[in-house]
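Residue numbers (my numbering), protein chains in the order written: chain D, 23 to 280; chain G, 8 to 334.
Even glycine gets a Cβ: it sits at the ideal position worked out from N, Cα and C.
Have a look at the structure below, then the notes.
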Amino acid sequence: MSSTTQAFSALFARDVHVARRNIVTTVLQTMLQPLLFVFVFGQVMTRSGMMPASYKGMLLPGIMAISMTMTGVMTVAMPLIAEFQFTREIEDRLLAPIRIEWIAVEKMLSGVLQALVSGAIVAIPARLLLGSDLHLSMEHLGMFFLVASLIALFSAAGGLTLGCSVGQTQIGLIFSMVLAPMIMFGCAYYPWKALESFPILQKLVLLNPLVYASEGLRGTLAPTYPHISTPIIVAVLAVVDVVLMVVAMQRFRSKAVS
Amino acid sequence: MAAMGMGARTGFKRDKKAPPPKVVALDGVSLEIQPGEIFGLLGPNGAGKSTTVGILTTRVRPTSGEAVLQSNGTSIDIWADPVRAKQLIGVVQQRPNLDFALTAREILLFHGAYFGMSSTDRQRRANELLEQFQLLSRADDLTRGFSGGMMQRLSVARALMHDPQVLFLDEPSTGLDPQTRLMMWSIIREYNAKGKTILITTHNMDEADELCHHLAIVDHGKVIALGTPRELKASIPGGYILHLRFSAAPPELMERLKQLPGVTEVRPAGAPGSAEQTDVYADRGGALVGDVVAAATACSAELHDVHISEPSLENLFLHHTGRSLRQ
């Protein structure tokens, strides 16, 4: 094995080890809120008759999109912000015999896996919470996995970009200014079509990658609900992935070597 | 590992496209460090020591100049082949930077894994180091609650884990209690005795004097003196200081002291207005005492006490910069 392969797998093993150790915190941090949302909107509102039961099938793909995106962003960005600025823990890994760019790739790979796992984990209790009258389609599984992978990559690359760009004092601001509007206008709780009565907003939200994540999962898991066409979703997510990866690599390099 | 040389000229011959650096941290520093030696960079805070270490350890990109490691007769340009360079070096940064998500043992094991050590080797070496650095009792604790001294010990242990040819220690004994400092010094000497090259930065003169075979004294990004500690100390004119105490010190005695051969300055050192305690700066130490006694006797005064300070790196720094190292 070359030194790059050895160092890469050891760095990855370290991240998996740490992720396993922090699993409870990660789950609470990224999945509790979407699950509470599932309960309130999928159970309280539908059982009380304030929402139709069909809302459940529309909601689940959106919840998965939020969980995956948040997990990818948070598990990559949060440790990096501290490691680069405060604890400097990352220095030991930067001195591993491997190119700096591979360390960035490794960070993204671990983010991708954690985002995928989180999508799977949140789907199980959400499915149970929503009950038996939830109808999901299993006909587009291939496309579903492709969309899910593109979402995971976008969240990990976005996390790396954020983690290398945000100062420790700005973390709170990022939550209220970036993540909160991103979630509310991410078409997770309603389809993009529902914004038709707000034409300007409907165009503006297209800048939010979470829209494509929610609509993409909706189009592959619950295609009977209105959604943006899946090939368009795949193309947009692929472009977002490439752009974010390039930016993330540049940001990481400039952070790692002064 | 053969020799290690490095030249970093920052602020000169800049690439026209690159923006000029806001602060010139290093200005024409050129050092050649021989294999198997302990080389010290001595200077006050902000002198450019950490930047030099940063350039040699792939963390700070120089705006110009070159940094070269030599291993088994091959030259490795650190900035052209950082991966090979990283395989040969071990680094202890000034600030502890332990992986807080891992236990002390895991830190060593993962570090070994980054460098491709086999599982058996990693376990064995980690145990040896934990024992040597007196960390076995806390080996399986997360390091967040470790004291500063323990963190520093573990940082050094981690840098030694993959048995690097060149070890960089940036201010290794800052904040350590005297006992741990002595332990650290003996570990550094022991590692050097295996033929390893060590570069150490410090603003502690005793440390530089005690440990280093060669020293570069740096200030404001420039090397102001280079040599063995002994050579450097011998290079100061009037490097000795005689701290004297007389029964009485009339002005006449002060005049006589100033005229003694080799004396560069006579300075009252006691309470203001009293000259009983006097410091004499001279190029000789003990050899001057006879003349001092004769001068005192001639003025009907008696020499009560004498203490001789040998030439020190502190005096050398003062001589070159007009400032104390501690300023």
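For the stretch 108 to 123 of chain D, the set of positions with a beta-carbon nearer than 9 Å to some beta-carbon of chain G reads THR109, ARG110, GLU111, ILE112, GLU113, ASP114, ARG115, LEU116, LEU117, ALA118, PRO119, ILE120, ARG121 and ILE122 in chain order. The shortest C-alpha to C-alpha distance from ALA99 (chain D) to any of D:PHE207, D:PRO119, D:ALA126 and D:LYS78 is the one to D:ALA126. Shown here for GLN172 (chain G): same chain residues with a beta carbon closer than 7 Å to its own, the five before and five after excluded, namely MET8, SER78, LEU95, LYS203 and THR204 in chain order. A straight-line Cα-Cα distance of about 57 Å links SER82 (chain G) and VAL299 (chain G). The Cβ-Cβ distance between ASN104 (chain G) and ARG110 (chain D) falls below 8 Å.
The stretch 124 to 141 of chain D makes contact with the stretch 174 to 184 of chain D, as at least three CB pairs between them are under 8 Å. For ALA164 (chain G), the closest of G:THR209, G:GLY269, G:GLN186 and G:GLU113 by C-alpha to C-alpha distance is G:GLU113. Put simply, the CB of GLN224 (chain D) is far from chain G, with every gap to its CB atoms at 8 Å or more. The stretch 217 to 244 of chain G is shown to contain whole beta strand (DSSP E) runs of 3 or more residues at 221 to 226 and 229 to 234, in chain order. Around SER280 (chain D), the beta-carbon contacts reaching into chain G at under 8 Å are GLY61, ARG66, VAL67 and ARG68. Excluding the 5 residues flanking it on each side, ALA92 (chain G) has same chain C-beta neighbours closer than 7 Å at THR65, LEU76, ILE83 and ILE85, in chain order. Below 8 Å, too few C-beta pairs join the stretch 223 to 233 of chain D and the stretch 156 to 167 of chain D to call them touching: fewer than three.
Of all residues in the stretch 83 to 96 of chain G, only PRO89, VAL90, ARG91, LYS93, GLN94 and ILE96 place a beta-carbon less than 8 Å from a beta-carbon of chain D. Look at ARG42 (chain D): its C-beta is not under 8 Å from any C-beta on chain G. The Cβ-Cβ distance between ALA276 (chain G) and HIS311 (chain G) does not fall below 8 Å.
Look at the beta carbons and you see the stretch 189 to 208 of chain G not touching the stretch 120 to 132 of chain G: under three pairs across the two are nearer than 8 Å. The three-state secondary structure of GLU161 (chain D), taken from DSSP, is coil. Residues are counted here when their Cβ sits less than 7 Å from a Cβ of chain G; for the stretch 250 to 267 of chain D the count is zero.
Of the residues assessed, ALA241 (chain G) falls on the exposed side of the cut-off, its CB having fewer than 16 other CB atoms within 10 angstroms. With fewer than 16 other Cβ atoms from the protein chains shown falling within 10 Å of its own Cβ, LEU58 (chain D) counts as exposed.
Here MET92 (chain D) is buried: its Cβ has 16 or more other Cβ atoms, across all protein chains shown, within 10 Å. Contact of ALA35 (chain D) with chain G is assigned, a C-beta pair being separated by under 8 Å. Separation of GLU317 (chain G) and GLN28 (chain D) (C-alpha to C-alpha, rounded to the nearest whole angstrom) is 53 Å.
Bridge pairing for PHE253 (chain G): G:LEU310 [DSSP]. Residue-level contact check: TYR198 (chain G) does not touch chain D, since none of the beta carbons of chain D fall below 8 Å from its beta carbon. The alpha-carbon separation between GLN107 (chain D) and ASP106 (chain G) amounts to approximately 13 Å.
The stretch 90 to 163 of chain G contains, as complete alpha helix (DSSP H) runs of 4+ residues, the segments 111 to 121 and 126 to 139 (chain order). Here VAL273 (chain G) has MET261, LEU264, LYS265, THR285, ASP286, VAL287 and TYR288 as same chain residues with Cβ atoms under 8 Å from its own Cβ, once five neighbours each way along the sequence are excluded. If you look at PRO147 (chain D), you'll find it in the alpha helix (DSSP H) that goes 122 to 152. Per the Cβ contact rule, the stretch 141 to 153 of chain D is in contact with the stretch 73 to 88 of chain D (3 or more Cβ pairs under 8 Å). At a cut-off of 8 Å between C-beta atoms, ALA126 (chain D) does not count as an interface residue with respect to chain G.
Boundaries of the alpha helix (DSSP H) around ARG188 (chain G): 185 to 200. Beyond the five residues adjoining it in sequence on each side, LEU116 (chain G) comes within less than 6 Å, by CB distance, of ARG129 and ALA133 in the same chain, given in chain order. PRO89 (chain G) and ARG121 (chain D) have their C-alpha atoms spaced approximately 7 Å apart.
Residue environment: GLU105 (chain D) is assigned as buried (16 or more neighbouring CB atoms within 10 Å of its CB, all protein chains considered).
The beta carbon of VAL98 (chain G) sits closer than 8 Å to some beta carbon of chain D.
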